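To start, the structure under review is shown below, and the notes come after it.
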Amino acid sequence: MKSAVGERGAVIAGTGSNSTAEAIEATREAERIGVDACLLVVPYYNKPTQDGLYQHFKAIAQSTDLPCILYNVPSRTVTNLSAETVIKLSQIDNIIGVKEASGNLDQISQIISNTGEDFLVWSGNDGDTLPILALGGYGVISVASNLVGSQIREMIDSFISGKTDKAAEIHRHLLPLINALFIVSNPIPVKYAVNYVGFNVGKPRLPLTEPDEKTAAFI
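Under this note's numbering, the first residue of the sequence shown carries the number -2, and numbering increases by one thereafter.
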């Protein structure tokens, strides 16, 4: 992947785990390969305390020179990474930001208000990208960009350049597609859609399955 992308973009490796030791091992291997950053999901299943989350991410960050991006997605991990914990983690030099998919704009606003300008907040939900930009967020780590990356880039660029009406127009235009891409568990819909437009990326691996006929027609 890194050799294919070259200097055209950053390669961020998902090296998170619900085992701190395994996450450290994966992160060190990603650093050896030469990726640009690592994405560290909140540990799933074992439901750590906020102090446990802090110690987990701190240990991973201290094991590498890579920039580390936190990933908060409580709909999948059950545990929410609180604003207070993110703010505390932002003080670690190589923890550079968070992919925020909680959908909680109050929490996201609190993070942005209480971290430095060099700590970046990405939307983790495509539908929240424009609202998070309006709060002072940086951008999006996106699902829909696999299909409409240029439009999402145009929306963000329009907002940054002060063309907020244009950004809002693009946001509204993209919402039906974004909603379709989450009608069932991601990445089932986006994989179907990418195949549909001509890129053979294969079927989902079990336990994920292809969308049924009704869902496929909606997508």
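Ideal placement from N, C-alpha and C gives every residue a C-beta, glycine not left out. From a predicted model like this one, the values you see are computed outputs, not experimental measurements.
Note on geometry: alpha-carbon atoms of ILE167 and ALA190 lie some 20 Å from one another. Residue range 80 to 86 is occupied by the alpha helix (DSSP H) that includes LYS85. The Cβ atoms of SER139 and ILE149 lie closer than 8 Å to each other. When DSSP states are grouped into helix, strand and coil, LEU130 belongs to the helix group. One alpha carbon belongs to SER16, the other to LYS163, and they sit about 44 Å apart. According to the DSSP assignment, LYS96 belongs to the beta strand (DSSP E) that extends over 92 to 97. By DSSP's assignment, VAL38 forms a beta bridge with TYR68.
When the five nearest sequence neighbours on each side are left out, the beta carbons in the same chain lying within less than 8 Å of the beta carbon of ASN91 are those of ALA58, THR61, ASP62, LEU63, PRO64, CYS65, in order along the chain. Sequence-distant Cβ neighbours of ASN183 in its own chain, meaning closer than 8 Å and more than five residues away, are VAL140. DSSP places LEU102 in the helix class (H, G or I) of the three-state scheme.
Within the same chain, THR12 come within 6 Å of ALA23 by CB-CB distance, once the 5 residues on both sides are set aside.
If you ignore the 5 residues before and after ILE9, its C-beta comes within less than 8 Å of the C-beta of VAL32, ASP33, ALA34, CYS35, LEU36, ILE66, ILE138, all in its own chain and listed in chain order.
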